[in-house]
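Chemist: Handing you a structure now.
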Amino acid sequence: MSFAPLSPAQLLAQKVASTIIGTKSLSGITDTEVLQLTYYGKELFDTEPARVSVKAPCHIFGDIHGNLPGFLMFFTHAEVEQQLLQLQPPKWNLLVLGDFVDRGQFSLEVAALLVALKLLFPDKIVLVRGNHETMSTNIHYGFRKEVGRKRTNSAQEIYNAWNELFDKLPLCAVVSDTFLCMHGGLPRPGGWDFMMGNEFVKPANEGEIYNGGGNWAFCDILWADSSHDGHSLRLYKDEKRPDKPDNAQEGNFGNYRFNRKCKVSIEYNDVFVQQFLDKFPHISGIFRAHEPQPNGYRINEAQTHMTLHSSIRYAEPSDCASIAQISADCQKIVIITLKPKGGTGGGGQQQQQTTTEEEEQDEQQQGGSNGGTDGGGGGDDVEVDFTELSKNT
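Final position of the sequence shown in the numbering used here is 385; the numbers increase by one with none missing.
Here you go:
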């Protein structure tokens, strides 16, 4: 059997990926090679639409946030697509819901590894944009400083190149025409048809995200939060902003409101989710990331809306990390969770509302469990849990 020779992009991707997997660093990779990787990646992502299609079976990852050791544990300890560590193609597709960078100590390595894997297996690896894949955010939460520390001679050029690549990332994905997946959450109703229609495109620049582009769909897809319950939300009438959804509503309660935690976008409840699913009945459920979950995941009572967080020991030593495994027929969902031994993480359904990541202090995160030199911690003190959800998820 003959194999097609690797392209220059794939040869570089192979070198970068094997270096990161083998050394947990970019040691031996030059600044020129890092820049070239971003150029190859940008060219590839430029060919992908704003809403990408992913075929099940697949694995869905939430926030990684520079936690390279924790990310690799899914392959070594949970035995998810172990052949990827030998740079062999995965059997199932992999979908990563943004926030590759910031807060952890290995943001540059995580971003480089994901892009390298994408270049090697473009039809099997799908990356969508998170709110930290924007310069206005990652300039403050660690990525810029990390690039400056690790790439002193070309720091600004490399930092800019990565953000130019991030500008080209898709915004959301649909798994087998059944599950809608994004980093933040559902946009306000004025952006629904745009997001699901044929005219949906990537923002021309970062400014479009924050100035109402796509009827605020760009912003909300990256930044929205969910209450994960059916309770009506008290509207905030004291903040007069043109992007506040409450200005167009009457009464004291509603199904979505201004997101005070993130100070941008919206927060919505389960009624809002069901309204979206009623409008687009081919979609059975929503997968998103964005909010840290001590148990690794959280699912609403109707099992139509799930939050995944895939960075173990993110803020506390007991914090779990989860991914979702979707079967080929989309009828079976298994949550794979990495649990620190001795931790208190429990089921994702019973968890109380967590603090949004934007409320946490950058200094705490950089010096916390995920920000330490080890990142994911020792591998021997981690347990793997498999939770199968019911068919109606």
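Each residue gets a CB set at the ideal place from its N, CA and C atoms; glycine is no exception.
Nothing here was measured: the structure is a model prediction, and the numbers come from that model.
Spatial neighbours of Val326 within its chain, please: CB distance less than 6 angstroms, with the 5 preceding and 5 following residues excluded, ordered by chain position.
Modeler: In the sequence shown, residue 326 corresponds to position 334, counting from 1. Hits under 6 angstroms: Gln317, Phe378 and Glu380.
Chemist: Cα separation between Cys50 and Lys83?
Modeler: The sequence position of residue 50 within the sequence shown is 58, counting from 1. The sequence position of residue 83 within the sequence shown is 91, counting from 1. About 9 angstroms.
Chemist: Confirm, please, whether the CB-CB distance from Tyr151 to Val139 is below 8 angstroms.
Modeler: Counting from one through the sequence shown, the residue named residue 139 turns up at place 147. Counting from one through the sequence shown, the residue named residue 151 turns up at place 159. It is a contact, given that the beta carbons lie within the stated cut-off.
Chemist: Extract the residue ranges of the beta strand (DSSP E) inside the segment 54 to 116, only unbroken runs of 3 or more that lie entirely within it.
Modeler: 85 to 88
Chemist: For the alpha helix (DSSP H) that contains Thr299, what are its first and last residues?
Modeler: Residue numbering aside, residue 299 sits at position 307 when the sequence shown is read from its first letter. That residue, Thr299, is in no alpha helix (DSSP H); its beta strand (DSSP E) goes His297 to Leu300.
Chemist: Buried or exposed: where does Leu227 fall if 16 or more other Cβ atoms within 10 Å of its Cβ makes it buried?
Modeler: Position 235 of the sequence shown holds residue 227. The residue in question, Leu227, is buried, as its Cβ has 16 or more Cβ neighbours within 10 Å.
Chemist: So if DSSP puts Met174 in a beta bridge, which residue, or which two residues, is it bridged to?
Modeler: Counted from its first residue, the sequence shown places residue 174 at position 182. Cys164.
Chemist: Cβ atoms of Cys164 and Ile52: under 8 angstroms apart, would you say?
Modeler: Taking the sequence shown and counting its residues from 1, the one referred to as residue 52 is at position 60. Taking the sequence shown and counting its residues from 1, the one referred to as residue 164 is at position 172. No; because the gap between Cβ atoms is not below 8 angstroms, this pair is not in contact.
Chemist: Check the C-beta distance from Phe98 over to Asn59 and give it rounded, since I have them as a contact under 8 angstroms.
Modeler: Within the sequence shown, the letter at position 106 stands for residue 98. Within the sequence shown, the letter at position 67 stands for residue 59. Rounded, the Cβ-Cβ distance is 7 angstroms, consistent with contact.
Chemist: So for Arg141, helix, strand or coil by DSSP?
Modeler: Along the sequence shown, one-based indexing puts residue 141 at 149. Looking at Arg141 - three-state DSSP - the assignment turns out to be helix.
Chemist: Three or more C-beta pairs closer than 8 angstroms, one from the segment 298 to 305 and one from the segment 198 to 208: is that the case here?
Modeler: no
Chemist: Could you spell out where the beta strand (DSSP E) holding Pro332 opens and where it closes?
Modeler: Position 340 of the sequence shown holds residue 332. Residues Ile325 to Pro332.
Chemist: DSSP three-state label for Ala316, please.
Modeler: Looking up residue 316 in the sequence shown gives position 324. Looking at Ala316 - three-state DSSP - the assignment turns out to be strand.
Chemist: Measure from the alpha carbon of Ile315 to the alpha carbon of each residue in Ala48, Glu35 and Leu89, then state which is nearest.
Modeler: Translated into the one-based positions of the sequence shown, residue 315 becomes position 323. Measuring from the Cα of Ile315, the nearest candidate turns out to be Leu89.
Chemist: Determine which residues share a DSSP beta bridge with Thr126 and list them.
Modeler: For this step, residue 126 is matched to residue 134 along the sequence shown. Answer by DSSP bridge pairing: none, since Thr126 is not bridged.
Chemist: Could you pull out every residue in the same chain whose Cβ sits closer than 6 angstroms to the Cβ of Leu86, ignoring the five residues on either side in sequence?
Modeler: Taking the first residue of the sequence shown as 1, we reach residue 86 at position 94. Here the set comprises His51 and Ile117.
Chemist: How far does the beta strand (DSSP E) with Gly277 in it extend, from its first residue to its last?
Modeler: As a working note, residue 277 is residue 285 in the sequence shown. Taken as a continuous stretch (DSSP letters only), the beta strand (DSSP E) holding Gly277 covers Gly277 to Arg280.
Chemist: Taking the DSSP output, what are the residues bridged to Leu381?
Modeler: Translated into the one-based positions of the sequence shown, residue 381 becomes position 389. Its beta-bridge partners are Ile325.
Chemist: Counting along the chain, where does the beta strand (DSSP E) carrying Phe272 start and finish?
Modeler: Walking along the sequence shown from the start, residue 272 turns up at place 280. Taken as a continuous stretch (DSSP letters only), Phe272 belongs to no beta strand (DSSP E), as it is neither H nor E.
Chemist: Considering Ser45, what are the terminal residues of the alpha helix (DSSP H) in which it resides?
Modeler: The sequence position of residue 45 within the sequence shown is 53, counting from 1. Looking at the DSSP string, Ser45 is not in any alpha helix (DSSP H); the run it does join, the beta strand (DSSP E), is Arg43 to Val46.
Chemist: Considering only their Cβ atoms, is the gap separating Leu225 from Arg249 smaller than 8 angstroms?
Modeler: Position 257 of the sequence shown, counted from the first residue, corresponds to residue 249. Position 233 of the sequence shown, counted from the first residue, corresponds to residue 225. Closer than 8 angstroms, so yes.
Chemist: Excluding the 5 residues preceding and the 5 following Glu156 in the sequence, name in chain order all residues of the same chain whose CB lies nearer than 8 angstroms to its CB.
Modeler: Here residue 156 refers to the residue found at position 164 of the sequence shown. Hits under 8 angstroms: Thr30 and Lys34.
Chemist: For the alpha helix (DSSP H) holding Ile201, just list the boundary residues, first then last.
Modeler: Walking along the sequence shown from the start, residue 201 turns up at place 209. Ile201 -> alpha helix (DSSP H) spans Glu198 to Tyr202.
Chemist: For Glu35, report the span of its alpha helix (DSSP H) as first-last.
Modeler: Taking the first residue of the sequence shown as 1, we reach residue 35 at position 43. Note, Glu35: alpha helix (DSSP H), Asp23 to Phe37.
Chemist: Roughly how many angstroms separate the alpha carbons of Ala281 and Gln148, rounded to a whole number?
Modeler: Numbered from 1 along the sequence shown, position 289 holds the residue referred to as residue 281. Numbered from 1 along the sequence shown, position 156 holds the residue referred to as residue 148. Distance between the alpha carbons of Ala281 and Gln148 is about 29 angstroms.
Chemist: Is DSSP giving Leu227 helix, strand or coil here?
Modeler: As a working mapping, residue 227 is identified with position 235 in the sequence shown. Reduced to three states, the DSSP call for Leu227 is coil.
Chemist: Would you mind giving the Cβ-Cβ distance between Phe92 and Ala103, rounded to the nearest angstrom? I have them listed as a contact below 8 angstroms.
Modeler: Within the sequence shown, numbered from 1, the residue matching residue 92 stands at position 100. Within the sequence shown, numbered from 1, the residue matching residue 103 stands at position 111. The Cβ separation is near 5 angstroms, so the contact holds.
Chemist: Thinking just about the alpha-carbon of each residue, which of Arg143, Glu200, His223 and His124 is nearest to the one in His175?
Modeler: Locating residue 175 in the sequence shown gives position 183, where the first residue counts as 1. Among Arg143, Glu200, His223 and His124, the Cα nearest to that of His175 is on His124.
Chemist: Here's the rule I'm using: 16 or more other beta-carbon atoms within 10 Å means buried, otherwise exposed. How should Pro284 be labelled?
Modeler: Residue mapping note: residue 284 aligns to position 292 of the sequence shown, counting from 1. That one is buried.
Chemist: Taking only three categories from DSSP, how would you classify Tyr289?
Modeler: Your numbering for residue 289 matches position 297 in the sequence shown. Strand at Tyr289.
Chemist: Using the three-state DSSP reduction, which class does Gly183 fall into: helix, strand or coil?
Modeler: By 1-based counting over the sequence shown, the position of residue 183 is 191. DSSP, read as helix, strand or coil, puts Gly183 in helix.
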